[in-house]
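Take a look at the structure below.
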Amino acid sequence: MMLEKYGHGGDLLTAQQSFGLPGDQFIDFSSNMNPFGPPAAVERLVAEYAKELIRYPDPGVRKLRAKLASVYRIPEESILVGNGAAECIDLAVRVLRPQMTGLARPCFSEYEEAIEKTGGRVYDLPLDPENGFELRKQDLLNAVDCCDTLFLGHPNNPTGRLLSKETLAILSDCGRNVILDEAFVDFVPAEEEVSLIARAPEAESLIVIRSMTKFYAVPGIRLGFAVAHPRIVEAMSRLQIPWSVNSLAQRIGEAVLDDLEYAAGTKAWLQDERAWLSSELTRLGMTVYSSDTNFVLFSIPDRFGQNVKQLQASMGAQGILIRDASLFPGLNEKYCRIAVRLREDNEALIAGLNNALNGHSRNR
Ligand SMILES: Cc1ncc(COP(=O)(O)O)c(C=O)c1O
1 MMLEKYGHGG DLLTAQQSFG LPGDQFIDFS SNMNPFGPPA AVERLVAEYA KELIRYPDPG
61 VRKLRAKLAS VYRIPEESIL VGNGAAECID LAVRVLRPQM TGLARPCFSE YEEAIEKTGG
121 RVYDLPLDPE NGFELRKQDL LNAVDCCDTL FLGHPNNPTG RLLSKETLAI LSDCGRNVIL
181 DEAFVDFVPA EEEVSLIARA PEAESLIVIR SMTKFYAVPG IRLGFAVAHP RIVEAMSRLQ
241 IPWSVNSLAQ RIGEAVLDDL EYAAGTKAWL QDERAWLSSE LTRLGMTVYS SDTNFVLFSI
301 PDRFGQNVKQ LQASMGAQGI LIRDASLFPG LNEKYCRIAV RLREDNEALI AGLNNALNGH
361 SRNR
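Below, the structure written as structure tokens:
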């Protein structure tokens, strides 16, 4: 059975059906959550939530928007909160109705799905391993010539790479609509420097999308936001289903933004842990690509005689879920993506991979 049959990682029900373990017993490297779990305030908010269930959420998401405005120093009228970044992706495409959208592939599948739903076409900007999956300047310039919109991940999923300064400069000046998915930028220590969130309120042609589910480890509540010129935000909100963002998500969003220690701790931890995990994967013989965020893409060299589907199956049987990255257009059956988790889990991953690839536990 294909673990990603609904198009994403983190599908524990399919894992349970495929590998026979209860869903919560897998170590999940297939979706890219902060492994520290939600900030402390979340448990209390969930416990208190029962009394609020009988009321409608604030349809204008006013308190959370005010909070986001102060944290990111942007005007409230430039913020639209959505039911996950996923809803913001859908709304961004529906509001711009692009005819031809440039996608740097491999990239997150929802970009193309949103484009297809509105009848738009996709222009491919191929990313390839020879230059570490960086967008090539000439490809970008060609895309600017023939697209009305560019939709890019910053950092990109599944490659984990941020866009370069040069690319960002071209995008800022190109006179095309740009949708920038910054769902994973909170994990980057230089977030403030690299994010375009502060520019979006004034630019007429830039929509920046952020997720709160990955960094704060609350994917179950669905929470993300888009930042753009107030006119674009207003048009997006007209397309949005009323009360799309439930009240628990709103409360949690307000609270987690106050936990500065959690945010700083996560960023600092990730740098060392990703370096350790990448070097262990390299020691196992994998070809590892450098990442700017909380997941790592690697490929399995031919000499192991295994493709990622076989590897996923033998890891699943050991209770460990990895992402089959061959399902991203632009990657082949050798590619695999894993989240960076806490050390104990990462050690289990390395031991499991060693079992699966070499048929034995490695002596250290
Ligand atoms: C690149 C990227 N953008 C957006 C999303 C959607 O995030 P959310 O959970 O906020 O809807 C995902 C989820 O996997 C993602 O990988």
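Residues 1 to 364 (full-length UniProt numbering) are what the sequence shown spells out, left to right.
Built from N, CA and C at the ideal position, the CB exists for glycine as well.
Computed from a predicted model, the values in this text were never measured in an experiment.
Query: Are LEU349 and PHE26 closer than 9 Å when you measure CB to CB?; Result: no
Query: Just to confirm the assignment: which complete beta strand (DSSP E) runs, minimum length 3, are found wholly within the segment 78-154?; Result: 79-82, 100-105, 121-126, 149-153
Query: Classify ASP173 as helix, strand or coil using the three-state DSSP reduction.; Result: helix
Query: Please state whether the Cβ-Cβ distance between SER30 and LEU13 is less than 9 Å.; Result: no
Query: Is any heavy atom of ligand 1 found at a distance shorter than 8 Å from the C-beta of ALA348?; Result: no
Query: Using the three-state DSSP reduction, which class does VAL61 fall into: helix, strand or coil?; Result: coil
Query: SER109 to LYS67, Cα distance in whole Å?; Result: 30 Å
Query: Name the one or two DSSP bridge partners that VAL256 has.; Result: DSSP output for VAL256 lists no bridge partner at all.
Query: Does DSSP classify ILE74 as helix, strand or coil?; Result: coil
Query: On the DSSP letters alone, give me the boundaries of the alpha helix (DSSP H) that LEU311 sits inside.; Result: 308-317
Query: Looking at LEU223 and ligand 1, is the gap between the Cβ and the nearest heavy atom below 8 Å?; Result: yes
Query: Run through the DSSP bridge pairs and tell me what ASP28 is partnered with.; Result: LEU321
Query: Can you tell which of PRO242, LEU331, TYR56, LEU196 has the C-alpha that lies nearest to the C-alpha of GLU130?; Result: LEU331
Query: Within the same chain, show all residues whose beta-carbon is closer than 6 Å to that of GLY9, passing over the 5 residues directly before and after it, in chain order.; Result: SER30, SER31, ARG323
Query: By how many angstroms is the C-alpha of ARG231 removed from the C-alpha of residue 390?; Result: Here the chain has residues from 1 to 364 only, and residue 390 is not among them.
Query: Taking Cβ positions, are SER78 and HIS229 nearer each other than 9 Å?; Result: yes
Query: For a quick check, are the C-beta atoms of CYS107 and LEU152 less than 9 Å apart?; Result: yes
Query: Any idea what DSSP makes of GLU23, helix, strand or coil?; Result: A small fix is needed here, since residue 23 is Gly in this sequence, not Glu. DSSP places GLY23 in helix when its eight states are reduced to three.
Query: Would you kindly report the start and end of the unbroken alpha helix (DSSP H) that includes SER237?; Result: 230-239
Query: List the endpoints of the continuous beta strand (DSSP E) containing GLY224.; Result: 224-227
Query: Is it a yes or a no for the segment 313-320 touching the segment 265-275, going by three-plus beta-carbon pairs under 8 Å?; Result: no
Query: Under a three-way DSSP split, which group does PHE36 fall into?; Result: coil
Query: For ASN354, which of helix, strand or coil comes out of DSSP?; Result: helix
Query: Buried or exposed, going by whether 16 or more other CB atoms sit within 10 Å of the CB of GLN240?; Result: buried
Query: How would you write the range of the beta strand (DSSP E) that ARG337 sits in, first residue to last?; Result: 335-339
Query: Between the alpha carbons of PHE295 and LEU196, how many angstroms are there, rounded?; Result: 21 Å
Query: Can you list, in chain order, the residues of its chain whose CB lies under 8 Å from that of ILE170, leaving out five sequence neighbours each side?; Result: LYS137, LEU140, LEU141, VAL144
Query: Please return the same chain residues whose Cβ sits closer than 8 Å to the Cβ of PRO39, not counting the five positions on each side in sequence.; Result: TYR216, ALA255, VAL256, ASP259, TYR262
Query: Short check: CB of VAL81 to CB of GLN310, under 9 Å?; Result: no
Query: Just tell me which of ASN83, GLU76, THR149 has its CA closest to the CA of VAL95.; Result: THR149
Query: Shorter than 8 Å, the distance from the beta carbon of PRO329 to the closest heavy atom of ligand 1, or not?; Result: no
Query: What first and last residue would you give for the alpha helix (DSSP H) that runs through VAL296?; Result: Run containing VAL296: none in the alpha helix (DSSP H); it sits in the beta strand (DSSP E), 295-299.
Query: Please confirm whether any heavy atom of ligand 1 lies closer than 8 Å to the CB of PHE187.; Result: no
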